[in-house]
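So the sequence shown is numbered by numbering that gives the first Met the number 0: it starts at 0 and just counts up by one. Backbone N, C-alpha and C fix where the C-beta goes; we use that ideal spot for every residue, glycine too. Reviewing the structure listed below.
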Amino acid sequence: MRTGPQSARLVAVGVALVSAAAGVVAPAYAAPTVQTTVVSRTSAATPVDKEVVVSCPPGTKVYSAGGRVSDWSKYVELEAVTPLPDLAGVRVVATTSATVPPWTATAYAVCGPGNPSLATPAVASLNNPLVSKLSEAVCASGTAVGAGAELSGDIAQAGIEGVMPQQDKGRAWASGDPLAQWEVTASAVCLQWPGQVQLAENKVFVPGTIATATAECPVGGGTLLGGGAVTGFAPNVVTRLVELKLEQGKVTGVGVRIEGASPWAVSVSALCGTS
């Protein structure tokens, strides 16, 4: 039985926040004077394992990390979606467990000025025989606007289910073979934003094999600081996150079901900064 996350409801963060469910966001605020930039890099299409790094523009650092694989079969899995230690960019690692057609991996980064910091946990996820594991990294100060997830050990036996900033934490979920030796380690990008932070979130339940959800910043106001996505929320179902796509003002999450038959969901959040 899978023991993954049961809820990804986010609560107030930062100076002020208004939560929006089912894709409905709160009224727009004044546009901030500080704007962020979203950058991405896509690998060549090949049938083998991949690592891709995207760098932030000069004078900026990572606020949030995202990643995507183009093959949504159960044979291609994200193994790392994480900021670089110096917050100069984002690293994405993906692997295959079978012979598959050529596919690509994409790394996304929300980049901005200032001095965000990176928090990591003292230890990775607990080394115990669980199908699903959770890791958390806690900010010493500020709001967690982005999160990272990285598998270690026998990564071919596991895959990422979710990467989500939540208040002052970065959270990472993964599942895999309970008899294999693997761990998941979260990271959090911590930011003192000089204004308000507004949350938009969306959760979509599906009976099928693919679920997609999008959360957007308010029209006419707000700059995307970061976001995350988590899949699962059902017993006896094993899912994988195959896309955490960061765009200007929008976050999209896509998950695939690889085992089980219960209805399940993907939950997505976008953190938006306003003046």
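In the DSSP assignment, what are the bridge partners of residue i?
| i | result |
| --- | --- |
| residue 75 | 95 |
| residue 81 | 90 |
| residue 224 | Paired residue(s): none; residue 224 is not in a bridge. |
| residue 55 | DSSP lists no partner for residue 55. |
| residue 235 | Bridge partners of residue 235: none, in fact. |
| residue 195 | 273 |
| residue 252 | 212, 243 |
According to the neighbour-count rule (16 or more other Cβ atoms, all chains shown, within 10 Å of its Cβ), is residue i buried or exposed?
| i | result |
| --- | --- |
| residue 135 | buried |
| residue 100 | exposed |
| residue 139 | exposed |
| residue 47 | exposed |
| residue 58 | exposed |
| residue 212 | buried |
Can you give me the C-alpha to C-alpha distance between residue i and residue j, rounded to a whole angstrom?
| i | j | result |
| --- | --- | --- |
| residue 223 | residue 68 | 22 Å |
| residue 174 | residue 168 | 20 Å |
| residue 65 | residue 218 | 22 Å |
| residue 235 | residue 76 | 19 Å |
| residue 144 | residue 107 | 14 Å |
| residue 133 | residue 255 | 19 Å |
| residue 239 | residue 170 | 15 Å |
| residue 176 | residue 78 | 14 Å |
| residue 137 | residue 185 | 9 Å |
Using a Cβ-Cβ cut-off of 8 Å (strictly less than) and excluding sequence neighbours within five positions of residue i, which residues of its own chain qualify?
| i | result |
| --- | --- |
| residue 262 | 204, 205, 206, 233 |
Output needed for residue i: all residues of its chain with C-beta closer than 7 Å, excluding positions within five of it in sequence on either side, in chain order.
| i | result |
| --- | --- |
| residue 237 | 1, 174, 257, 258, 259 |
Among the residues of its own chain, which have a CB less than 6 Å from the CB of residue i, if the five just before and after it don't count?
| i | result |
| --- | --- |
| residue 22 | Because the pLDDT at residue 22 is just 44, under 50, the model does not fix this residue reliably, and the value given afterwards should be weighed accordingly. Cβ within range, chain order: 201. |
| residue 251 | 213, 244 |
| residue 111 | 35, 59, 62 |
Requested in this report: With a floor of 4 residues, list each alpha helix (DSSP H) that falls wholly inside the segment 134 to 180, ordered by position along the chain.
Outcome: List check, alpha helix (DSSP H) in window: nothing returned.
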